[in-house]
Amino acid sequence: QDLSCTMPVNILAACSLYVSSVGGHCRFLVNRWEVWNEPPNFTGPDQTPTDYARLVIAAYRAAKAADPDCFVGLAAKSAHVNFLEQVIKAGANAYFDFITLHPYEVLDGVAKNIGNEPMFMHIVPTVRKMLAKQNPVKADVPIIFTELGCDVSKGADVQASTLVKAFTMSIAQGVACVHWFEGRDGDSGPMGLLNKKGEPRLAYHALAQLIHHLGQHPDYVGWVLLSNGQNGFVFQGAESSVMIAWAPSGTEGKVHFGETVTLVDPLTGKTHQADHDSLTAAPVFVLDVPKDILRQAVANRRMPLPWGGDFSRARSVAIKIGANSEERGLHTLSGDDVAQAVEAYGGSARAGNIPGGNMFIVDPSFLSYTNEPIEITVEVRRNEANDNAGFKLVYESTNGFKTAGTWFTVPDNAQWHTVTWRIDDPQFVGYWGYNFSLVSDGNEYNKYYLRGVTVTKMRP
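Laid out in structure tokens, this is it:
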């Protein structure tokens, strides 16, 4: 039987024998095992979370029989918390010691500097929220990013800066371990700290600087928002307090620290002293953090990182698109490109084909994991040529991505049209880096303009 792309749930006895044999053979070499890679990837077309749960149970029992001291991990692709929940509910609740994720897609938004750092910072809290509801005994199990990386084709400096941000925010939110993918370029493209010749990239040097200044066991203190909304994550490092700071999308500018500090460029290791700095998307290390910043970081430690405000008590979130785009708790994967791509109707709209502009992220403080009824309202208009245009709404549900209602055809270009979907089963976790999207067939995606989107909670 070809088992290369399907879980061996029909031969669990043989699978268990394999696991116990390998586990016993490696007992003194390996003590952590992950069941499958990125499920539901690489599974059969008809295989379900229940099938994976059966495999997990069999593998867990076999591994523990061979080595009672080993640890067995429950896995999911990307940050697919919906899938993990279904697996736990299918019976795997007692059969794992840790959880592994590969949140490439969420990190990609950080690499592109669209400002989605709060979404990345919400990965572990979302998993813990799910566990607290579905499996409270396991609510505090370690969460490991067994793959996380950035392609150097984005730029060697971008890859290095993304690495610094990834490790910084992973440690800050309580990730137990991060495995950067990968150490050296392999068959997945130029992802390595080293190229195929073994030559170090900027990311290699950046990781060395992180280890040097944070030490082997960084102690996270908390976060701060600096003068223009720039991020600052504070740690007690190897020799001093360290703040790792950068400017997410739209927040670049000068920051005054209140006293002279030592600044380190993590990509080069070069240092200089100053009482201010102009922060960009490239991170900087601030050593011996001023006391006022330390106090703010301690106070913020257990609070969620805000994304343009606190939307935890809001009834709705929205984005208005035009020459002066406004994001109030709702964002797109295109970041600033939305505002820069205004093309029609007096600058009050953007074309539907801006890359990432049809994919929307709800602020995690507004709605994350919790399943409650919402309405999504979209304002659209056909292009000047009045070409036929339309789309469907696809959203994260309790069963993964799902289409809401039926196809919507934009009536005409004579006026703006409003369409609203009622959704009773949303479960926004951002496992592909966004929560819902407007999906068109053929070329219809570039034949309409978008002026605004609103998400409203249907509270009594």
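Under my numbering, the first residue of the sequence shown is numbered 4, with each subsequent residue one higher. Think of the CB as a built atom: it goes at the ideal place given N, C-alpha and C, for glycine as much as any other residue.
query: C-alpha gap between Asn96 and Tyr107, whole angstroms; result: 26 Å
query: Test: Gly112 CB closer than 8 Å to a CB of chain C; result: Any reference to chain C falls outside this structure, which holds one protein chain only.
query: Rounded straight-line distance, which links the Cα of His28 to that of Ser443; result: 52 Å
query: DSSP beta-bridge partners of Cys180; result: Ile147
query: Proximal residues to Phe236 (C-beta, below 6 Å), its chain only, five neighbours per side dropped; result: Thr171, Ala175, Trp226 and Ile247
query: Coil, strand or helix - Ala344 by DSSP; result: Caution is warranted here: a pLDDT of 44 is assigned to Ala344, below 50, making its placement in the model unreliable, and the coordinate value is therefore given only provisionally. Three-state result, Ala344: coil.
query: Straight-line gap, Ser244 to Val320 (C-alpha atoms, nearest Å); result: 37 Å
query: Beta-carbon gap between Ala169 and Leu110 smaller than 8 Å; result: yes
query: Ile146 burial status per 10 Å Cβ neighbour count (16 or more: buried); result: buried
query: Those runs of the beta strand (DSSP E) which lie wholly inside the segment 39 to 107 and span at least 3 residues; result: 74 to 78 and 101 to 104
query: When Glu185, Pro429 and Gly272 are compared against Leu213, the one with the closest alpha-carbon; result: Gly272
query: Opening and closing residue of the beta strand (DSSP E) in which Gly27 lies; result: Premise fails: Gly27 lies in the alpha helix (DSSP H), Leu15 to His28, not in any beta strand (DSSP E).
query: Burial state of Asp54, where buried means 16 or more other Cβ atoms lie within 10 Å; result: buried
query: 3 or more residues per run - each beta strand (DSSP E) lying fully within the segment 174 to 252; result: 180 to 183, 222 to 228, 234 to 239 and 244 to 249
query: 8 Å contact criterion, which Tyr437 and Ile322 should meet: CB distance rounded; result: Wrong, their Cβ atoms sit about 13 Å apart, outside the cutoff.
query: Start and end residues, beta strand (DSSP E) containing Met362; result: Met362 to Val365
query: Opposing strand residues paired with His420 [DSSP bridges]; result: Val383
query: Residues sharing a beta bridge with Tyr398, DSSP; result: Lys405 and Phe439
query: Which residues DSSP lists as bridging Ala277, in chain order; result: Val264
query: Contact belief for Thr103 with Glu37 at Cβ below 8 Å, rounded distance in angstroms; result: 5 Å
query: Cβ shell of Thr265 (< 8 Å), same chain only, five flanking positions each side left out; result: Thr274, His275, Gln276, Val289, Leu290 and Asp291
query: Per-residue burial, Gln418 [other beta carbons within 10 Å of its own, 16 or more giving buried]; result: exposed
query: Top-ranked residue by Cα proximity to Pro309, from Tyr372, Arg204, Pro367 and Thr254; result: Pro367
query: Top-ranked residue by Cα proximity to Cys18, from Val161, Gln299, Leu336 and Arg57; result: Arg57
query: Enclosing beta strand (DSSP E) for Val289 [first to last residue]; result: Val287 to Leu290
query: Between the CA atoms of Leu333 and Gln343 - distance to the nearest angstrom; result: Residue placement at Gln343 cannot be trusted, given a pLDDT of 48 that sits under 50; what the coordinates show is reported in the next sentence. So the two alpha carbons sit approximately 18 Å from each other.
query: Pairwise C-alpha distance: Asn402 and Ile379; result: 19 Å
query: Beta-carbon spacing of Arg204, Val155 below 8 Å; result: yes
query: Spatial distance of Lys257 from Val287 (CA atoms); result: 13 Å
query: Simplified DSSP assignment, three categories, for Arg131; result: helix
query: Within 8 Å, strictly: CB atoms of Gln89 and Pro52; result: yes
query: Lys115 (DSSP reduced to helix, strand or coil); result: coil
query: Whole-Å CB distance - Arg35 paired with Phe99, under 8 Å assumed; result: Contact flag wrong, Cβ pair sits at about 11 Å.
query: Classification of Thr490 by the beta-carbon crowding that lies within 10 angstroms, buried from 16 upward; result: What the structure shows of the chain is the stretch from 4 to 463, and residue 490 is not part of that stretch, so it cannot be assessed.
query: Endpoints, alpha helix (DSSP H) assigned at Arg298; result: Lys294 to Asn303
query: When Pro193, Ile426 and Asn13 are compared against Arg462, the one with the closest alpha-carbon; result: Ile426
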